Structures are given as structure tokens and as C-alpha cells.
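Scroll down for the structure; my scribbles are underneath it.
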Amino acid sequence: MKFLLVGCGGYAALYVREVFSPLNTDGHGIEGIVDPYADRSPVIDLIREHNIPVYDTLEAFYEKHSAEVAVICTPIGLHLQNALTCFAHGSHVLMEKPLSATSELCRQIIDAAKAAGRRLGVGYQLCYDPIMLALKKRIEAGEFGKALSMKALVLWQRNFAYYARSGGWAGHINLPDGTPVYDSILTNATCHYLMNMLWLTTPGYDTLPALSIEAQLGRVYPIETFDTAAARFTLPCGCEGMLFVSHVAGVEEENAPTMEYRFEKATIRVVTGANGAVLTITDEKGETHEAGVLCQNVIHKTNEFIRAVENDLPLTCPGEAGLATVLTYEKLFENGLPDVEAIKPVIREEDKLWSPHVGKVLKDAFAQRRLPREMGKTYGA
Ligand SMILES: NC(=O)c1ccc[n+]([C@@H]2O[C@H](COP(=O)([O-])OP(=O)(O)OC[C@H]3O[C@@H](n4cnc5c(N)ncnc54)[C@H](O)[C@@H]3O)[C@@H](O)[C@H]2O)c1
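The opening residue of the sequence shown carries number 13 in my numbering; numbering runs sequentially from there.
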């Protein structure tokens, strides 16, 4: 099958690269690309080499082509309009996460898919990974007993270019024209990790939101939202989930996603090393078994989505599941983020900002499963 790719720079460039790589085991191709800024994409030469037609608008693409599947990988503020147009032209949609900025907009997308009789999947890659799918089955079968606590730590230093990409939607609550975005380190960049906790512990694939959320937020970059957070959730199964994340902990403190999920009869860990993210299961006897390296390729989730569409199989990350993180995080914004700490000191380098205590504070908080303030700490000096 040849699918439509909406967006071809940023993360979408990976779709182009992987389609033309040995990872593309199912041999699906790209019918056309819609991106008015395609010339700026790092894969524009690859696109031209393979003669993929490029259009500025979806309407221009659909005038000349049809596509059974559209993969949408554009800034969050465009997700709703992109999805509605693709459904109106008969495409099934694989939407990059987060599904949209607010639960209301997510529901509009879900309803439009239903009205058009098309499938809607969300691109949380961990929901397509065979190791995670097998783990979910074992959790649902009760093999590990009840979930006791789940936590994850992600420290990714981000630079000015990250916050400036595509005209600067990152870190915004609304765009200047009022379009909601609600982009932050929790709601977008690291939303995989809340999603994974919710998805693993909600039976079936229609993942439920957390029952409660409390968070300690901080900011170094001059953005409307926040770039640092420690958050505690009551997961739908009743157990506690915690996330510790920052974009400003500095390069030295970088910490690729680390997860630890404690169950009555096992502890599940994901640690990211040179070979990728490795999932291990430690049983009641204290013996650790390696389940393998998680597959986070974009072509894998695309293949799985197309397989589900072609064979009328259940989606492992349907539109309804995409609501779960959005509904959870919406509660954070209800009062207008009054308590975001202005983290100090700020180290300014040519390409980035960071703060020297953030990494240690979050690593300690992760180790103790507490918010920094419960340990008497702020993110700054
Ligand atoms: N699954 C993941 O791990 C993952 C990782 C990164 C980003 N994402 C998601 O992918 C999406 C895109 O994020 P990004 O970081 O690549 O953003 P970006 O701003 O870097 O790029 C988005 C692409 O959309 C294009 N674009 C802009 N306006 C457009 C329009 N009107 N029509 C079509 N294309 C247009 C841009 O030119 C660019 O190529 C977001 O939803 C983001 O959350 C997912």
C-alpha cells in the first residue's frame, strides 16, 4: 500500500527514512507528501530521489491522488484540521501523539472518524511494540499480581532550535491565533511514559485516564508552559504512577527513559543503553529475565496500523486511547499554571539553557518516589 504522509520534516523525516530502509519489511510506500515547508526537510533529497509528489495542502494532494491511509505528523495545532480533511477524503488516519491539544478537540477527531467509517490510530510507538504487547497480556492475565507502583525518569536536554521549530509552537498554551496547543514536556515530549503506565494497566486497548494528578512544575526556557516536572498520578487500577522529567537538566545529567514498574510478584524495568531500551522482568525469587529491546521504529507502527486496517483487526492504540493522556493533563491547566517555579540559576550557552541542580533533584526524587517538595526541595539553588 502507498500511504499519504502529512509533514516531512522534524519527526516525520523518520517516516521517509525508514520507508526507504531495510526496516520496511512490509514494503509499503509513500503516495505523496503534504508539507508547505518540505524544502526545509532534512530528507528532501531522498524525497526527490524517489520522485514522491509533494503538495502544499491536503486539498491539492487529494485532487490528484487518493490514499487508504494518511499518517499525520504535523504540529499539534494542525492535528484536528488535518484529520478532518483526511477523513473527508476517505483515508484512515494514523495520528502522531498527542492526538490533539484538548479532550474536546480529540473527541471531534474521534467522532469524525466514526462518522466517516474510518479507523483512527495514535502513534504511541510503545503500544505497537511486540515486547510491550506481550507484557500487557501477561499483566492482564494476572501473572504478576496487582500493580503496586510505577515510575519513570526522562532527562533530555533540549536547545533553542527545539523550541523554535516550525514557527515556535513548542511550549505554547495557545498559538497567537487562539488555536490550542498545550505543549509541554509532560503533555507532549514525554507523554509516552504516562501513556505506557495507563495502557499497561487498563484492560483492553481503550486506555483510561488517570484518576488524579498532582505535580511540581518548573521552567528555565521563556515558554508559557514548563520544561521540568515531577508528577504523581492515581492510575485507573488504583496504584500510584510517578514521572520525573526535564528538558533543562544539562547534557551531563541526560538520562534516557528509565522505567520501573513494581507488581506484587515482579518488577519490570526498562533501561536505555547503547543497544536501545531493554525491558527486564525480575521475578519473586529475584531472578531477572531480559525480554528484549523495545522496537520504537516509526515504520513498525505504520505497518501494524496498515495491517489492522487491511485485516479489520483491533487497533492497539485507538483514538479513544489517545484521549487518556490529554484528559489526565487537562486537570493541570484548569487553574492556569499558577505555581511554575522560575528555576535559577540559568546557564546560558550558545544553543541552549539549562540549570545545574535539576538533574540531581529529579534523580533523587525518582529514587525516593517523592515530589521534590516532599523532600523539602525546589529545582533551583
Ligand atoms: N512518537 C514520537 O516519539 C514523536 C516524537 C517527536 C514528535 N512527535 C509528534 O509528531 C508531530 C510533529 O512534531 P515535530 O516535532 O516533528 O514538529 P515540527 O514542527 O518539527 O515538524 C512538523 C512538520 O510539519 C510540517 N508542517 C508545518 N505546517 C504544515 C502544514 N500546514 N501542513 C503540513 N505540514 C506542515 C513542518 O514543515 C514539519 O515538516 C507532533 O504531534 C509531535 O508530538 C512524535
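C-beta atoms are modelled at their ideal positions from N, C-alpha and C, and glycine is treated no differently.
As the structure is a computational prediction, the values presented were derived from the model and not from experiment.
Nearest C-alpha to residue 338 among 282, 221, 390, 83: 221. Two segments are said to touch when three or more pairs of C-beta atoms, one from each, lie closer than 8 Å; by this definition the region 158 to 172 touches the region 245 to 259. Each of 202, 233, 193 was checked against the Cα of residue 87, and the nearest Cα belongs to 193.
Taking a C-beta distance under 8 Å as the contact criterion, residue 139 and residue 211 qualify as a contact pair. Annotation: the continuous beta strand (DSSP E) that includes residue 134 extends over 132 to 134. Three or more Cβ pairs closer than 8 Å define a contact, and the region 177 to 191 falls short of that threshold against the region 276 to 296. Within 7 Å of the C-beta of residue 21 there is at least one heavy atom belonging to ligand 1. For residue 36, the shortest C-beta to heavy atom distance toward ligand 1 is 7 Å or greater. In this structure, residue 41 keeps its C-beta atom at 8 Å or more from the C-beta atom of residue 28.
In this structure, residue 52 and residue 21 form a Cβ contact; the two beta carbons are roughly 6 Å apart against a cut-off of 8 Å.
In the DSSP assignment, no residue is bridged to residue 172. Nearest to residue 347 by C-alpha distance, out of 121, 176, 227, 89, is 227. Following the DSSP letters along the chain, one finds residue 224 inside the beta strand (DSSP E) bounded by residues 224 to 231. With a contact defined as Cβ atoms closer than 8 Å, residue 44 and residue 16 qualify at about 6 Å.
Closer than 7 Å to some heavy atom of ligand 1: that does not describe the Cβ of residue 64. Excluding sequence positions up to five before and after residue 223, its CB lies within less than 7 Å of the CB of 246, 248, all in the same chain and listed in chain order.
In the three-state DSSP reduction, residue 127 falls in the helix class (H, G or I). Annotated as proximal: residue 313 and residue 135, with beta-carbon spacing under 8 Å. Secondary structure of residue 91 (DSSP, three-state): helix. Residue 37 sits in coil when the DSSP states are folded into three classes, being neither helix nor strand.
Among the bridge pairs identified by DSSP, residue 366 is matched with 359. In the three-state scheme derived from DSSP, where H, G and I count as helix and E and B as strand, residue 299 is classed as coil. Contact annotation: residue 239 and residue 197 have beta-carbon atoms nearer than 8 Å. Rounded to whole angstroms, the separation of the alpha carbons of residue 169 and residue 263 is 6 Å.
Of the candidates 279, 341, 384, the residue whose Cα lies closest to the Cα of residue 237 is 341. Residue 137 is classed as buried because its beta carbon has at least 16 other beta carbons within 10 Å across all chains shown.
Following the DSSP letters along the chain, one finds residue 142 inside the alpha helix (DSSP H) bounded by residues 142 to 152. Secondary structure of residue 193 (DSSP, three-state): coil. Classified as buried, residue 108 has 16 or more neighbouring CB atoms from the shown chains inside 10 Å of its CB. Listed as beta-bridge partners of residue 52 by DSSP are no residues whatsoever.
In this model, residue 14 and residue 84 are separated by some 14 Å (Cα to Cα). Fewer than three pairs of CB atoms, one per stretch, sit closer than 8 Å, so the region 147 to 162 makes no contact with the region 74 to 82.
Sequence-distant Cβ neighbours of residue 385 in its own chain, meaning closer than 6 Å and more than five residues away, are 228. In terms of Cα proximity to residue 267, the closest of 81, 375, 103 is 375. Between residue 26 and residue 46, the C-beta spacing is not below 8 Å.
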